[in-house]
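Numbers 5 to 332, taken from the numbering used here, label the letters of the sequence shown in order.
Notes to accompany the following structure.
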Amino acid sequence: MSKKKNLRVLSGIQPSGSLHLGNYFCMMSRMIKYQEENDLFCFIANYHALTTTSEANKLSINTFNAVCDFLALGLDPEKSTFWVQSDVPEVTELTWLLSSQVNIGLMDRGTSYKDKINQGIKPNMGLYSYPILMAADILLYDTQIVPVGKDQKQHLEMTRDIANRFNNVFGDTFVIPKPDIEVNVQLIPGIDGKKMSKSYNNTIPIFDTEKNIRKKIMRIITDTSDIDEPKDKDTSLYQLYSLFLNSEEKILLSDRYNVGGLRYGDIKLEFFEKIMDYFQPFREKREQLVNNPKDVNDILQYGAKKAKLIANEVIDRVRTSCGIIIEL
Ligand code: TRP
Numbered sequence: 005m006s007k008k009k010n011l012r013v014l015s016g017i018q019p020s021g022s023l024h025l026g027n028y029f030c031m032m033s034r035m036i037k038y039q040e041e042n043d044l045f046c047f048i049a050n051y052h053a054l055t056t057t058s059e060a061n062k063l064s065i066n067t068f069n070a071v072c073d074f075l076a077l078g079l080d081p082e083k084s085t086f087w088v089q090s091d092v093p094e095v096t097e098l099t100w101l102l103s104s105q106v107n108i109g110l111m112d113r114g115t116s117y118k119d120k121i122n123q124g125i126k127p128n129m130g131l132y133s134y135p136i137l138m139a140a141d142i143l144l145y146d147t148q149i150v151p152v153g154k155d156q157k158q159h160l161e162m163t164r165d166i167a168n169r170f171n172n173v174f175g176d177t178f179v180i181p182k183p184d185i186e187v188n189v190q191l192i193p194g195i196d197g198k199k200m201s202k203s204y205n206n207t208i209p210i211f212d213t214e215k216n217i218r219k220k221i222m223r224i225i226t227d228t229s230d231i232d233e234p235k236d237k238d239t240s241l242y243q244l245y246s247l248f249l250n251s252e253e254k255i256l257l258s259d260r261y262n263v264g265g266l267r268y269g270d271i272k273l274e275f276f277e278k279i280m281d282y283f284q285p286f287r288e289k290r291e292q293l294v295n296n297p298k299d300v301n302d303i304l305q306y307g308a309k310k311a312k313l314i315a316n317e318v319i320d321r322v323r324t325s326c327g328i329i330i331e332l
C-alpha cells in the first residue's frame with residue numbers, strides 16, 4: 005500500500021438526493037484516492053442544506069441516505085474521518101467568530117448567492133452567510149487542501165481571504181488552505197448526451213430500483229442509423245458502457261460498432277446487466293447499512309469524535325486569539 009502523506013484534505017458534500025454515475029466516476033473516485041494517500045476529512049453538509057430546504061423530514065432522510073451512499077461506495081471510516089457536519093456544532097461558533105471579520109463587500113461579491121436568488125430561491129441570512137460557514141468548515145480542521153470544482157472556487161478564495169484577514173488582525177491562528185482544482189475531470193455524459201447532472205435530469209442513478217435504472221438506460225438517446233450501418237462511437241451509450249469495460253471488452257465493443265448489424269436495444273440491455281453486476285456488492289452493502297441504522301449511527305459518532313479532537317483544539321486557539329477566553 006502507498007504510504008500516506010500527512011496532507012489534510014477536506015471535502016463537504018450537501019445531502020441532495022441520489023448519487024449517479026457522474027458522481028461516482030468524478031467525486032467518489034477522487035475521495036477514495038485521497039483516503040488512500042492523504043488524511044481525508046469528509047462530512048455531509050446538513051447545515052448548508054438547511055439554507056435551501058424547510059422540509060425537516062426530507063433533510064434528515066437525505067442526510068442518512070447520503071451517509072449510507074458514501075459508506076457503501078467505499079468511504080472507509082477507519083482510513084478517513086467521516087461525519088455529519090452538525091455533529092461538531094463548534095463549526096457554528098467559528099462561523100460567528102469569523103463573521104465579525106468579514107466585510108459585507110466580500111459577501112456581496114459572492115456569485116453563488118446571486119445565482120441562487122436568480123433561480124428563485126428565497127434570500128435568507130443562512131444563504132447569505134453560506135460562504136462563512138463553509139470557511140468555518142475548512143478552517144476548523146486546519147485543512148491544507150480542498151478539492152474544488154469550478155462552482156466552489158470563489159468560496160475557497162473567500163475562505164483564504166477571511167483566514168488571512170483574521171490572522172492579520174489577531175495574529176497567526178489559521179492554516180491557509182489551498183484549492184486542488186481537478187483539471188482532467190472526466191466528462192460523464194448523461195442519457196441525453198449533455199454532461200450528466202441532476203439539474204439536467206439526465207442521470208443514471210446508482211442506488212435506485214432495478215426497474216428505474218433500466219428505464220433510464222432504455223431512454224439513452226441514440227441515432228436512427230440503419231441497422232446495417234457502422235455505428236457512431238462518439239455517443240453517450242458507447243461512452244457510458246465503456247466506463248465499465250476492461251481493455252479487451254472495449255475492443256470487442258468497438259469492433260461491434262464498426263461493423264453493421266448492431267442493435268442499440270441489445271447494447272442497452274447488456275449495459276444494464278453490466279451496471280447491475282458492477283454495483284451489486286455496493287447495493288448489498290448499502291442495504292445492510294440502511295437496515296442497521298444503529299450501526300450507521302455508531303460509525304458517525306466515531307467520526308464525529310475523531311473530528312472533534314482537532315476541532316476542539318482549533319476552536320480554543322481561535323477563542324484565545326480573539327479574546328473570547330478570558331486569560332487570567
Ligand atoms: N459548498 C459545497 C458544495 O455545495 C459543500 C461544502 C460545504 C464544502 N462546506 C464545504 C465543500 C467545505 C468543501 C469544503 O458543493
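Don't be surprised by glycine CBs; every beta carbon is placed ideally from N, CA and C.
Please confirm whether residue i and residue j have their CB atoms less than 8 Å apart.
i	j	result
methionine 138	histidine 159	yes
leucine 246	leucine 256	Per the sequence shown, residue 246 should be read as serine rather than leucine. Going by C-beta atoms, serine 246 is not nearer than 8 Å to leucine 256.
serine 33	phenylalanine 211	no
leucine 241	tyrosine 268	yes
serine 90	leucine 44	no
glycine 197	glutamate 233	no
valine 300	proline 151	no
glutamine 148	proline 181	yes
serine 133	threonine 99	yes
lysine 120	leucine 110	no
isoleucine 136	leucine 102	yes
serine 201	glycine 26	yes
isoleucine 125	threonine 177	no
leucine 217	phenylalanine 276	Residue identity differs from the one stated: residue 217 is isoleucine in this sequence, not leucine. The answer is yes: Cβ separation under 8 Å.
Nearest-angstrom Cα distance between residue i and residue j?
i	j	result
leucine 293	cysteine 30	23 Å
isoleucine 303	asparagine 295	14 Å
serine 229	lysine 235	7 Å
arginine 290	alanine 315	29 Å
arginine 287	phenylalanine 68	15 Å
lysine 37	leucine 332	46 Å
threonine 213	threonine 207	14 Å
serine 203	isoleucine 195	13 Å
arginine 169	leucine 143	13 Å
glycine 307	valine 173	33 Å
methionine 280	lysine 215	11 Å
proline 127	phenylalanine 74	31 Å
aspartate 270	glutamate 252	19 Å
leucine 77	valine 179	31 Å
asparagine 107	lysine 8	38 Å
In this structure, what does DSSP give as the bridge partners for residue i?
i	result
tryptophan 87	Phe47
leucine 12	The sequence shown places arginine at residue 12, rather than the leucine named in the question. Answer by DSSP bridge pairing, in chain order: Asp43.
histidine 24	Pro209
isoleucine 149	Val13, Lys182
lysine 199	Pro193
Quick one: is residue i buried, meaning 16 or more other Cβ sit within 10 Å of its Cβ, or exposed?
i	result
lysine 220	buried
glutamine 39	buried
tryptophan 87	buried
asparagine 10	exposed
threonine 163	buried
alanine 60	exposed
aspartate 141	buried
Checklist entry - For the stretch 48 to 123, which segments carrying the alpha helix (DSSP H) assignment without a break, of at least 4 residues, lie completely within its bounds, in sequence order? => result If we require 4 residues or more, the alpha helix (DSSP H) runs fully inside the stretch 48 to 123 come out as 50 to 53, 60 to 76, 94 to 103, 108 to 112, 115 to 122.
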